[in-house]
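Residue numbers (my numbering): 1 to 280.
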């Protein structure tokens, strides 16, 4: 029997890290949709805004790719988001998801990876030499940079947008053009996977998580994706035994038959310092 075929919804080279894992670890046959345009779902350069959540956008990419490749049994798409760390000031994070949807049974499995190991950054400059220094600081030319016009200290891609800066000379020329148009240029990391090896590694880690989830099946009905999705709070205080907000375990719930399995953590007691009664 031939292997199940899976179409990868990408135009930016993500198949380089996704396809080998799907093939080796899951025995799937990866396919690519010819001439597929994922930029229509949103771009990091903001000339085309992403209108929906990362999960909904990944689903839309998969649906479009499955239309292009009707012989595929399933589709895979990746979506990334970048922004400030929710707890550590001035530290950016990369949140990646890789989603697989099987068109035959509707199974949806999502692998994720969140990491502060990203070179996501931008700077507004009025001097081309500062643009080069910034670009080299984020790994240029191995990592790509995007140049846009800047107005009032903010990127303004509608005035000027140059994505493929492949050399120092090209970068200098594009920054000079932006400064000539608006008085300043915004130089930022190109977060497209094909232009950012650091992001590509994060996508690979999210794909590994997808493989782990795909391999985990419900013990009752065999549906794939049976992994913990909920946390259980209430780990008792080690001094007064009252429940705290610390996590005491996790729960896996099958999306097919509803089978539920709880898994408790090894820690039996919470530090009294985390107790609202002992340490109000």
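Using N, Cα and C, we set each Cβ at its ideal position, and we do this for glycine too.
In the DSSP assignment, find the alpha helix (DSSP H) that holds residue i and state where it starts and stops.
i, result
"residue 213", "197-215"
"residue 57", "54-68"
"residue 22", "15-26"
"residue 45", "Per DSSP, residue 45 belongs to no alpha helix (DSSP H) and is neither H nor E."
"residue 172", "168-182"
"residue 136", "128-137"
Exposed or buried, what is residue i when buried is set at 16 or more other beta-carbons lying within 10 Å of its beta-carbon?
i, result
"residue 165", "buried"
"residue 57", "buried"
"residue 85", "exposed"
"residue 51", "exposed"
"residue 275", "buried"
"residue 116", "exposed"
"residue 1", "At residue 1 the pLDDT is 45, less than 50, meaning the model places this residue with poor confidence and gives no usable figure here."
Since I believe residue j is in contact with residue i (beta carbons under 8 Å), could you give me their beta-carbon distance rounded to a whole number of angstroms?
i, j, result
"residue 162", "residue 174", "4 Å"
"residue 189", "residue 145", "6 Å"
"residue 82", "residue 118", "7 Å"
"residue 143", "residue 196", "5 Å"
"residue 214", "residue 223", "Between residue 223 and residue 214 the Cβ distance is about 11 Å, and since that is not below 8 Å, they are no contact."
"residue 239", "residue 272", "4 Å"
Based on Cα-Cα distance, which residue from the options lies nearest to residue i?
i, options, result
"residue 111", "204, 12, 245 and 219", "204"
"residue 187", "222, 117, 147 and 194", "147"
"residue 149", "185, 75, 221 and 93", "185"
"residue 153", "178, 229, 227 and 273", "178"
"residue 15", "30, 135, 228 and 251", "30"
"residue 267", "201, 273 and 249", "249"
"residue 55", "72, 79 and 272", "79"
"residue 278", "241, 42, 69 and 11", "241"
"residue 254", "246, 108, 159 and 41", "108"
"residue 36", "121, 11, 72 and 160", "11"
"residue 226", "263, 171 and 88", "263"
"residue 211", "136, 76 and 72", "76"
Does the beta carbon of residue i come closer than 7 Å to any beta carbon on chain C?
i, result
"residue 149", "Of the chains in the structure shown, none is chain C; there is only one protein chain."
From what residue to what residue does the beta strand (DSSP E) around residue i run?
i, result
"residue 266", "From DSSP, residue 266 is part of no beta strand (DSSP E); its letter is neither H nor E."
"residue 150", "145-151"
"residue 230", "228-233"
"residue 82", "74-84"
"residue 186", "185-189"
"residue 94", "92-102"
"residue 274", "Per DSSP, residue 274 belongs to no beta strand (DSSP E) and is neither H nor E."
"residue 159", "154-162"
**Asked** Between the stretch 14-21 and the stretch 46-61, do three or more beta carbon pairs fall short of 8 Å?
**Response** Contact fails: fewer than three Cβ-Cβ distances are below 8 Å.
**Message:** Measuring CB atoms only, is the stretch 85-102 touching the stretch 122-131, in the sense that at least three cross pairs come out at less than 8 Å?
**Reply:** No: the two stretches stay apart, fewer than three of their Cβ pairs being nearer than 8 Å.
**Cβ contact (3+ pairs, closer than 8 Å) linking the stretch 5-15 and the stretch 62-73** = Counting Cβ pairs under 8 Å, three or more are found: they touch.
**Item:** Inter-stretch contact at 8 Å, needing at least 3 Cβ pairs: the stretch 212-223 / the stretch 258-272
**Value:** The stretch 212-223 and the stretch 258-272 touch, with no fewer than 3 CB-CB distances between them shorter than 8 Å.
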